[in-house]
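**Q**
In my numbering, the protein residues as written are 430 to 1118.
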């Protein structure tokens, strides 16, 4: 969850020299009160905020609202209202005024029919709610509404921002894999648009998620890229955030003096300009380091500073609890062996986090403190009660499969990058071949002109030169074929290796974990515990089935040994057992001898189209037809479902993947809607008879 505490600065605060801020202030002096002035004020406010000068940011935004109203520029006014609400999300000191701004922004954005701005209203309101325990379900609903608006508006930039906010919520719940996948989605979109302002947040957040899973190399790579962007944008806020994450790495590696040195430097940075949200969090981190170093008096001093700084800011209606300090107090009194003083702090923290899924890590820490305190106070019944609860919470957070899936997500992203490099190299090689051909043709033309005046020896030289050109072209073609074959062999070997690892290692571990859960003695469980135990068993079974399905689809053994036709037969048999849609297969030995790369690509295309039918079509029946005709291998997949708009169909990621695969095979595809209804996809590739 976010830590949300910042105090407003006075307008007279001295600002550290910033070339960007100076440039924007000079530009304002030359602008008339029109839309350009509004946009410049908004950009200036953003840079004030990045550098910690929130009161100046608020002043710039309010001035932008006044100019926007005078210039009849409603979009600029709405954007200023949204930015004011965003700044308040870091304070929670006056949420009433923030909601009032959002109410007005919603009315104004509906009036001008701007779907993207309507989505931004939902997103900003969700940010206000995401730090209030009772409002978390509503925050999630608002983010989903925001995402729907951005998709409808085709606003890719804000679509990525919605993924970022959803990822923050998943991170707060301890769902690190889901958070990483959402941030990877946002990163791909932002990199494709070269959106540095958004990447400044996505990359550090992604690194922080990797850090939670102890994937230090991935985390440091994200932090390094984030730092480059922060330097480009002169974003001091991100630089400090990255410093704190590096301190966290030292902390995880138990290098506490190194971590403490960084946290103490951050205290100085957040004290001037005064940024209480970050300062309270950093005070708590300093206290945590002194606990590890057994200096409990300093730990107590900084933990008290953390709590006091926090409570000076948050409005009382939030009834918020600062867990950085609250957890520290329990650890300090455990270290001082004052066990009676541990219990009130741990009980207060437990009451705040009880039944709040998003605060499982904090709840687990309080349960451990209570178990240890009661154990030392010779109250074994209470100690055992809290220890069992602690153990259940802690075991839930230990998920080895999560690390495996993160590895897959990271590998997928890296593989796509490598594929882009490979395609670029192939394009460059084709360009060189074309250039060579053009150069040789130019020489041939000159030779032919000279043939009119030269002797027969010159004609012989022309023939020899052309023959050498053909030899070189043949050699280049052979090398291209060898490169393509080697790439396919490498991909096949990697798919086999990953499939084997998933099947033999990850699936085995999940299966063993399921057996251990099944072997547990549940006779003493009450009804809630029994239901939770059953849900865990069901979830582990689903995970096991998913892993087996993924490992099988990566490289089906039957596809390699018996060819495409046998693989499609087995696929339809499996689909007809597991799904409501009835699949029919029609083949005439057309795919019996189709092996290797062609078989794999067509099988992958079939899986993509079948998956679309199962997810979207709501069809009663579907057909797969494979046959040869006039030197072409034709694959037709048709369903009797809801049908789909062909223009939207071609925009999907899955259909772009199909297009890419068919380009490698020299094939084409066509989407149509049959008269009775449903969707029909015809795939055609040239193949030797």
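Even glycine gets a Cβ: it sits at the ideal position worked out from N, Cα and C.
Near residue 823, what residues of its chain come up, given a Cβ to Cβ distance below 6 angstroms and the 5 sequence neighbours on each side ignored?
**A** For this step, residue 823 is matched to residue 394 along the chain shown. Cβ neighbours of residue 823 beyond the five flanking positions: 793.
**Q** CB-CB under 7 angstroms to residue 1106, same chain, minus the five flanking residues each way: which ones, in chain order?
**A** Within the chain shown, the letter at position 677 stands for residue 1106. Taken in chain order, the residues that qualify are 1069, 1072.
**Q** For residue 408, which option in 667, 788, 721, 723 has the closest C-alpha, if you only look at C-alpha atoms?
**A** Missing from the structure shown is residue 408; the chain here goes from 430 to 1118 and no further.
**Q** From residue 531 to residue 550, what does the alpha carbon distance come to, in whole angstroms?
**A** Taking the chain shown and counting its residues from 1, the one referred to as residue 531 is at position 102. Taking the chain shown and counting its residues from 1, the one referred to as residue 550 is at position 121. Near 6 angstroms, if we compare the C-alpha coordinates of residue 550 and residue 531.
**Q** So, residue 1066 versus residue 997, is the Cβ gap smaller than 8 angstroms?
**A** For the purposes of this step, residue 1066 is taken as residue 637 along the chain shown, with counting starting at 1. For the purposes of this step, residue 997 is taken as residue 568 along the chain shown, with counting starting at 1. No, the Cβ-Cβ distance between residue 1066 and residue 997 is not below 8 angstroms.
**Q** Since residue 1090 contacts residue 1034 with CB under 8 angstroms, what's their CB separation in whole angstroms?
**A** Counting from 1 along the chain shown, the entry for residue 1090 is found at position 661. Counting from 1 along the chain shown, the entry for residue 1034 is found at position 605. That pair is a contact at about 6 angstroms.
**Q** Which of the three DSSP states is assigned to residue 1115 in this structure?
**A** One-based indexing of the chain shown puts residue 1115 at position 686. Strand, per DSSP.
**Q** Do you know how far the Cα of residue 1062 is from the Cα of residue 1112?
**A** Here residue 1112 refers to the residue found at position 683 of the chain shown. Here residue 1062 refers to the residue found at position 633 of the chain shown. C-alpha separation (whole angstroms): 8 angstroms.
**Q** What separation, rounded to the nearest whole angstrom, lies between the Cα atoms of residue 389 and residue 577?
**A** Outside the shown range of the chain (430 to 1118) lies residue 389, about which nothing can therefore be said.
**Q** CA-CA distance, residue 618 and residue 604?
**A** The residue given as residue 618 occupies position 189 in the chain shown. The residue given as residue 604 occupies position 175 in the chain shown. Straight-line Cα distance between these residues: approximately 22 angstroms.
**Q** Take the Cβ of residue 829 as the centre, count every other Cβ of all protein chains shown within 10 Å, and call the residue buried at 16 or more, exposed below.
**A** On the chain shown, position 400 is the one that residue 829 refers to. Confidence is the limiting factor: at residue 829 the pLDDT is only 40, short of 50, which leaves the residue's position unreliable and the question unanswerable from this model.
**Q** Look at the alpha carbon of residue 716 and the alpha carbon of residue 1087, and state the distance between them as a whole number of angstroms.
**A** Position 287 of the chain shown, counting from 1, holds the residue named residue 716. Position 658 of the chain shown, counting from 1, holds the residue named residue 1087. Near 55 angstroms, if we compare the C-alpha coordinates of residue 1087 and residue 716.
**Q** For residue 379 and residue 586, what's the separation of their Cα atoms in angstroms?
**A** With the chain running from 430 to 1118 in the structure shown, residue 379 is simply not present.
**Q** Quick check on the burial criterion: 16 or more other C-beta atoms within 10 angstroms. Buried or exposed for residue 559?
**A** Along the chain shown, read from residue 1 onward, the residue named residue 559 stands at position 130. Buried, since its Cβ has 16 or more Cβ neighbours within 10 Å.
**Q** At what residues does the alpha helix (DSSP H) containing residue 1023 begin and finish?
**A** In the chain shown, the residue the question calls residue 1023 occupies position 594. First-last for residue 1023: undefined, no H or E at that position.
**Q** Going by the DSSP bridge assignment, what does residue 1066 pair with across the sheet?
**A** If you number the chain shown from 1, residue 1066 lands on position 637. DSSP lists 1053, 1110 as partners of residue 1066.
**Q** Quick check for students: name the residue ranges of the alpha helix (DSSP H) that lie wholly in the segment 619 to 654, counting only runs of 4 or more.
**A** 625 to 641
**Q** Is the beta carbon of residue 516 closer than 8 angstroms to that of residue 478?
**A** Counted from its first residue, the chain shown places residue 478 at position 49. Counted from its first residue, the chain shown places residue 516 at position 87. Yes, these two residues count as a Cβ contact at 8 angstroms.
**Q** Evaluate the contact criterion for the segment 1000 to 1008 versus the segment 1038 to 1055: three or more CB pairs, one atom per stretch, below 8 angstroms.
**A** yes
**Q** Please work out which residues of its chain come closer than 6 angstroms, Cβ to Cβ, to residue 782, disregarding the five sequence neighbours upstream and downstream, and give them in chain order.
**A** Taking the first residue of the chain shown as 1, we reach residue 782 at position 353. The residues are 788, 791, 792.
**Q** Which residues does DSSP list as the beta-bridge partners of residue 1015?
**A** Within the chain shown, numbered from 1, the residue matching residue 1015 stands at position 586. According to DSSP, residue 1015 bridges with 1054.
**Q** Can you round the beta-carbon distance between residue 1119 and residue 732 to whole angstroms, since I take them to be within the 8 angstroms contact cut?
**A** A query on residue 1119 cannot be resolved here, the shown segment of the chain reaching from 430 to 1118 and no further.
**Q** Report yes if the C-beta distance between residue 819 and residue 802 is below 8 angstroms; otherwise report no.
**A** Numbered from 1 along the chain shown, position 390 holds the residue referred to as residue 819. Numbered from 1 along the chain shown, position 373 holds the residue referred to as residue 802. Against a cut-off of 8 angstroms, the Cβ pair of residue 802 and residue 819 comes out as no contact.
**Q** Tell me, to the nearest whole angstrom, how far the beta carbon of residue 579 is from that of residue 591; I am working on the premise that it is less than 8 angstroms.
**A** Residue 579 sits at position 150 when you count from the first residue of the chain shown. Residue 591 sits at position 162 when you count from the first residue of the chain shown. Sure, about 6 angstroms apart at Cβ, within 8 angstroms.
**Q** Can you look up residue 685 in the DSSP assignment and give me helix, strand or coil?
**A** As a position in the chain shown, residue 685 is number 256, starting the count at 1. Residue 685: helix per DSSP, three-state reduction.
**Q** Where does residue 1101 sit, in a helix, a strand or coil, going by DSSP?
**A** Along the chain shown, one-based indexing puts residue 1101 at 672. If DSSP states are grouped into helix, strand and coil, residue 1101 belongs with the strands.
**Q** Considering only the alpha carbon of each residue, which of 956, 545, 676, 995 lies closest to residue 691?
**A** Reading the chain shown from its first residue, position 262 is the one you call residue 691. The shortest C-alpha separation from residue 691 is found at 676.
**Q** Leaving out five residues before and five after residue 1104 in sequence, what residues of the same chain have Cβ atoms less than 8 angstroms from its Cβ?
**A** Numbered from 1 along the chain shown, position 675 holds the residue referred to as residue 1104. Here the set comprises nothing.
**Q** Please identify the residue among 448, 905, 761, 526 whose C-alpha is closest to the C-alpha of residue 727.
**A** For the purposes of this step, residue 727 is identified with residue 298 of the chain shown, where counting begins at 1. From the listed residues 448, 905, 761, 526, the smallest Cα separation to residue 727 is found for 761.
**Q** What residues match up with residue 1061 in a beta bridge as DSSP calls it?
**A** Along the chain shown, read from residue 1 onward, the residue named residue 1061 stands at position 632. Answer is 1058, 1115.
**Q** CB residue 496 to CB residue 473, shorter than 8 angstroms?
**A** Here residue 496 corresponds to residue number 67 of the chain shown, with the count starting at 1. Here residue 473 corresponds to residue number 44 of the chain shown, with the count starting at 1. No. Outside cutoff.
**Q** Quick check: the Cα distance between residue 804 and residue 620, rounded to an integer number of angstroms?
**A** Here the question's residue 804 lines up with position 375 in the chain shown. Here the question's residue 620 lines up with position 191 in the chain shown. Whole-angstrom Cα-Cα distance: 53 angstroms.
**Q** Quick check on this structure: which residue in 988, 935, 992, 1039 has the alpha carbon closest to the alpha carbon of residue 1010?
**A** Counting from one through the chain shown, the residue named residue 1010 turns up at place 581. For residue 1010, the nearest C-alpha among the options comes from 1039.
**Q** Mark residue 429 as exposed unless 16 or more other C-beta atoms lie within 10 angstroms of its C-beta, in which case mark it buried.
**A** The chain is shown only over 430 to 1118; residue 429 falls outside these bounds and no answer can be derived.
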